[in-house]
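Notes for the one structure printed next.
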Amino acid sequence: MTASSLALSSGLLAAQSVVGSAAPATGAAALAWLLIAVPAASAAVLLLAGRAADPWGHWLGVLASAFSAGLGLVILTQLLGLPAADRVLGVPLWRWFGAGDLDVRLGLRLDPLSLTFVVLVTCVGFLIHLYSVAYMAHDRDRRRFFAYLNFFIAAMLTLVLGDSYIALFIGWEGVGLASYLLIGFWNTADADAPQAERFTSRENAAAAKKAFIMNRVGDVGLLLAMMACIAQVGSVAFDTVLPAAQDGGISAGWLTAIGFSLLLAACGKSAQFPLQAWLGDAMAGPTPVSALIHAATMVTAGVYLIVRSGAVFEGAPDAQLAVVVVGAITLVLGAVIGCAKDDMKKVLAASTMSQIGYMMLGAGLGPIGYAFAIFHLLTHGFFKAQLFLGAGSVMHAMSDQVNMRRFGGLRRAMKITWITMGIGWLAILGIPPFSGFWSKDRIIEAAFVGDGARPWILGTIALLGAGLTAFYMSRLFFMIFHGRPRWTTAKDIEGEVHPHESGWLMTLPLIVLSVFSLGLGGALTVGNAFVTWLEPVTGHATHGEPVLPATAIMLATLALVIVGIITAWAMYVRRDVPTVVQRANVLVEAARHDMYQDTINEAVAMRPGQGLVLAAGASDRYVVDGAVEGLAKGTAALGRLTARTESGYVRSYAGYMFGGAVLALIAVLAGRF
Numbered sequence: 076m077t078a079s080s081l082a083l084s085s086g087l088l089a090a091q092s093v094v095g096s097a098a099p100a101t102g103a104a105a106l107a108w109l110l111i112a113v114p115a116a117s118a119a120v121l122l123l124a125g126r127a128a129d130p131w132g133h134w135l136g137v138l139a140s141a142f143s144a145g146l147g148l149v150i151l152t153q154l155l156g157l158p159a160a161d162r163v164l165g166v167p168l169w170r171w172f173g174a175g176d177l178d179v180r181l182g183l184r185l186d187p188l189s190l191t192f193v194v195l196v197t198c199v200g201f202l203i204h205l206y207s208v209a210y211m212a213h214d215r216d217r218r219r220f221f222a223y224l225n226f227f228i229a230a231m232l233t234l235v236l237g238d239s240y241i242a243l244f245i246g247w248e249g250v251g252l253a254s255y256l257l258i259g260f261w262n263t264a265d266a267d268a269p270q271a272e273r274f275t276s277r278e279n280a281a282a283a284k285k286a287f288i289m290n291r292v293g294d295v296g297l298l299l300a301m302m303a304c305i306a307q308v309g310s311v312a313f314d315t316v317l318p319a320a321q322d323g324g325i326s327a328g329w330l331t332a333i334g335f336s337l338l339l340a341a342c343g344k345s346a347q348f349p350l351q352a353w354l355g356d357a358m359a360g361p362t363p364v365s366a367l368i369h370a371a372t373m374v375t376a377g378v379y380l381i382v383r384s385g386a387v388f389e390g391a392p393d394a395q396l397a398v399v400v401v402g403a404i405t406l407v408l409g410a411v412i413g414c415a416k417d418d419m420k421k422v423l424a425a426s427t428m429s430q431i432g433y434m435m436l437g438a439g440l441g442p443i444g445y446a447f448a449i450f451h452l453l454t455h456g457f458f459k460a461q462l463f464l465g466a467g468s469v470m471h472a473m474s475d476q477v478n479m480r481r482f483g484g485l486r487r488a489m490k491i492t493w494i495t496m497g498i499g500w501l502a503i504l505g506i507p508p509f510s511g512f513w514s515k516d517r518i519i520e521a522a523f524v525g526d527g528a529r530p531w532i533l534g535t536i537a538l539l540g541a542g543l544t545a546f547y548m549s550r551l552f553f554m555i556f557h558g559r560p561r562w563t564t565a566k567d568i569e570g571e572v573h574p575h576e577s578g579w580l581m582t583l584p585l586i587v588l589s590v591f592s593l594g595l596g597g598a599l600t601v602g603n604a605f606v607t608w609l610e611p612v613t614g615h616a617t618h619g620e621p622v623l624p625a626t627a628i629m630l631a632t633l634a635l636v637i638v639g640i641i642t643a644w645a646m647y648v649r650r651d652v653p654t655v656v657q658r659a660n661v662l663v664e665a666a667r668h669d670m671y672q673d674t675i676n677e678a679v680a681m682r683p684g685q686g687l688v689l690a691a692g693a694s695d696r697y698v699v700d701g702a703v704e705g706l707a708k709g710t711a712a713l714g715r716l717t718a719r720t721e722s723g724y725v726r727s728y729a730g731y732m733f734g735g736a737v738l739a740l741i742a743v744l745a746g747r748f
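If you're matching positions, the sequence shown starts at 76 in the numbering used here and goes up one per residue.
This is how it looks when you write it as C-alpha cells:
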C-alpha cells in the first residue's frame, strides 16, 4: 500500500457513522425479501419432502442459493447506480406485535454494509453449495444437509438485512440453530455401528451442543442491549436507536452498558476471547460447513453487529476500547494455537479466530476502522472459503484424514488443489498483490494511529500477529504439499491412502475463489473505492497519520511475514516431519490443548454450576423434603404412641382417670403452697 492511499483513508475517530432513515425501496431492491424467502422455502421443501427428494434435492438447494446470489448482485448494481447519499433503502414487511407504546415492525434495510454481506454470503454460499454436491455425494442424508445449508443462508441474510435489533436477533438465533444442526450433522451412527463410529457420533453431538450453549451466553448480551434500548428510547429500530445514540438521546452511562452488552454478544458469535472455545470443536461438521461458518456466516456476525452499532460505541469510549482489547488478545491467541495444531481443519479454525480478532481490532478503532474491518472481512471470506474447501479436497484424496503429519508431497498428486490453496495461503499472509495485503495491512497501519503508548502497543500486537500468521499458515501449506510423502499405508490403523485430484465440481469453486483471492483486494483499493462505498454507513473519516511512516510499517510487516515463511520452511521442509507428535515446551503443549480454555471454562463456569446444582439437590432432599417428611413421621409416631393407650379395657381407662385425678390434686396443692 502506498503512503498516499493511507493518507486518504487512515483517519481515526474523526468521523461519525451515518444513521439516517431509509428511503422506500423500488425496482429490484423492493424484492429483497426474496433473498431470504427463496432459500428458506427450499429448506422447508427439502425437509418436508423426505426421501422422495433425495435424487434431486441437492440441485434444488444449489438453485436456491444461485437465485439469491443473482438477485443480490442485481440489487448491488442498483445501489451502485444511485448517488452515495441515496444508498440507504428500506423494505417494510409487517407489524409483528405491539405492547403499550412499543410497536415492533419487521423490515429490511439495504445499504452498503448490508449489501456487502449479501454479496459475500450468497456468492460464497453458492460456491460452497456447488462444491458440496460432489463432497457429500455418498452421504445418505445429502438432501437434509442441503436443507440445513439453505436455512443457514436464509438466517444469515435475515441477520444482515434486518432493519432493527430484533430482526437481527431472529437471524442471530437462526444461524445459531443452523450451526448446531450442521456441526452435529454426523451424529446419527446406528446402534450396531462399530464402536469407533459411535464414539465419533457422540463427539460430534457434544461439539454441536458446546457451540450452541456458548453462543447462548453471548445471546444474553444482545437481549440486555435490546432491553436497554427499549428502556431508553422505546424502540429497537436502527433508525431510532442509532440517531439517539449519536445525538445524545441516550446517556453515556447507558451507551456504555449497551456497548458492553453488544460486545458480549459479538464475542459469543464470532468466537472472540473469552467465548472462543467452541470454534475448534465446530470442525466436527462436514468441511463445507466449516467453510460457510468461517468465511461468510456465523463468525462474521459479531463484526457486523459492532460496525452496525458504531454510533453506540462512538458514544461509549470504554466499550470501544474493550472491543480493541478483545480483538488484540484474540488475534494473538488464535495465532499461537494455530502454530501448534496438527489437525488441518483446526489450524484453519484458529486462523479464523485470529483474523476475526484483526477485524474486531479494526472495528474498535473508530469510523475508518469500521471500513477496514469490513474490507478485511470481505477479502477474508473468499480466501478462507478457498482454504477450507481446499482442505476438503485434501481430505477427499486422503480418506478423510486431517493429520498433517501424515501428508507431505501432495503437490504432485493434486496440482489444482496445490495451486489454489497456494493462492489462498499467499492471500492470508498478505503478500502483494494478493487480497490480504490490501485489507489486513490497512488494519495494521491504522493500529499505529493515535497518541501516547496506545498506537505502539496495538501496532506491535498487529505486527506480531502478521508474523505468527505467516508461520502457522506456511507450516500448514508445507506439511500438506511439500517435503517427503508421509502417507498412511496398509499397516497403519487409518488405512492405506491413494492421493488423487478431486473432480471438477470441487475444483471449479476453488478456481473461482482463487480469482477473488488474487484480485479482489487490489480492485477495491483503486480510488479508495471500498472505503468510499461504505461512507453512507460509516461516514467520511478525515486523515490521520500513523506514528511510523506507512512505508516503514508495510516493510516491517512484509519482513515479519518472510521470516515466518522461512522459519516454517526450515522446520517442515528441510527437516523431516515426525509422523507422531513429539514432546515440546510448555507453550507448545498449552497451544496443542487450546491454551487450556476448556479446563478454564470448566473450572470457572461448569464446576461451580455443578456444585450449585448438587447443593440445591441436597437442600431439597435433606432440608425441604426432610422437614416435610420429618413432620409426617413425627405425627405418625405420635399417633402410634397414642394408639397404645386405646386398649378397650375398662380397668385401663379407670387407671388413666385415677392418674389424672392424682395429677390434678397435686397441681391444686402446689398452687396453694
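Note that CB positions come from ideal geometry on N, CA and C, so glycine has one too.
C-beta neighbour in chain D for residue i, strict 8 Å
i, result
"Asn660", "Note that chain D does not occur in the displayed structure, where there is just one protein chain."
First and last residue of the uninterrupted beta strand (DSSP E) at residue i
i, result
"Asp178", "Leu177 to Leu185"
"Ala103", "Run containing Ala103: none; DSSP gives neither H nor E here."
"Arg170", "Leu164 to Ala174"
Exposure of residue i, with buried meaning 16 or more beta-carbon neighbours within 10 Å
i, result
"Leu408", "buried"
"Met548", "buried"
"Asn225", "buried"
"His204", "buried"
"Arg747", "exposed"
"Val163", "buried"
"Val524", "buried"
"Arg171", "The displayed chain sequence assigns Trp, not Arg, to residue 171. Its Cβ having fewer than 16 others within 10 Å, Trp171 is exposed."
"Val679", "exposed"
"Asp417", "buried"
"Val737", "exposed"
"Leu462", "buried"
"Phe553", "buried"
"Lys459", "buried"
"Leu423", "buried"
Cβ separation of residue i and residue j, assumed to be a contact under 8 Å, to the nearest whole Å
i, j, result
"Ala253", "Ala230", "5 Å"
"Leu299", "Ser336", "4 Å"
"Phe450", "Leu593", "About 16 Å separates the two Cβ atoms, so there is no contact after all."
"Ala521", "Leu453", "At roughly 16 Å, the Cβ-Cβ gap does not stay under 8 Å, so Ala521 and Leu453 are not in contact."
"Leu236", "Ser189", "5 Å"
"Gly182", "Gly165", "6 Å"
"Leu406", "Gly542", "Actually they are not in contact, since the Cβ atoms of Leu406 and Gly542 sit about 12 Å apart, beyond 8 Å."
"Ile518", "Ala537", "7 Å"
N- and C-terminal bounds of the alpha helix (DSSP H) containing residue i
i, result
"Phe287", "Gln270 to Val308"
"Tyr671", "That residue, Tyr671, is in no alpha helix (DSSP H); it is neither H nor E in DSSP."
"Ser384", "Premise fails: Ser384 is in no alpha helix (DSSP H) and is neither H nor E."
"His369", "Thr362 to Ala370"
"Met732", "Val725 to Arg747"
"Ala537", "Arg529 to Phe556"
"Pro611", "Glu610 to Thr613"
"Gln347", "Here Gln347 belongs to no alpha helix (DSSP H), and DSSP marks it neither H nor E."
"Gly499", "Lys490 to Leu504"
"Pro442", "Pro442 to Ala472"
"Lys708", "Asp700 to Thr720"
"Asp356", "Trp353 to Asp356"
"Gly132", "Gly132 to Leu155"
Sequence-distant residues of the same chain with beta carbon closer than 6 Å to residue i, five excluded per side
i, result
"Gly296", "Ser336, Leu339 and Ala340"
"Ser276", "Asn262 and Ala264"
"Thr77", "Confidence is the limiting factor: at Thr77 the pLDDT is only 42, short of 50, which leaves the residue's position unreliable, though a coordinate-based value still follows. Nothing listed; no residue qualifies."
"Trp513", "Gly596, Gly597 and Thr600"
"Tyr728", "none"
Beta-bridge partners of residue i, as assigned by DSSP
i, result
"Ser239", "Ala312"
"Pro621", "Val524"
"Asn478", "Asp418"
"Ala98", "Leu164"
Nonlocal neighbours in the same chain, by C-beta distance under 7 Å from residue i, ignoring five residues either side
i, result
"Ile305", "Leu177 and Val311"
"Thr564", "Glu571"
"Leu195", "Ala371, Leu453 and Gly456"
Other residues of its chain near residue i: CB distance less than 8 Å, five sequence neighbours each side excluded
i, result
"Tyr731", "Thr720"
"Ile555", "Met419, Val469, Met479, Phe482, Gly483, Leu485 and Met496"
"Pro621", "Leu81, Ser85, Glu520, Ala521, Phe523, Val524, Pro530, Gly534 and Ile628"
"Asp673", "Ala352"
"Asp216", "Phe260 and Thr263"
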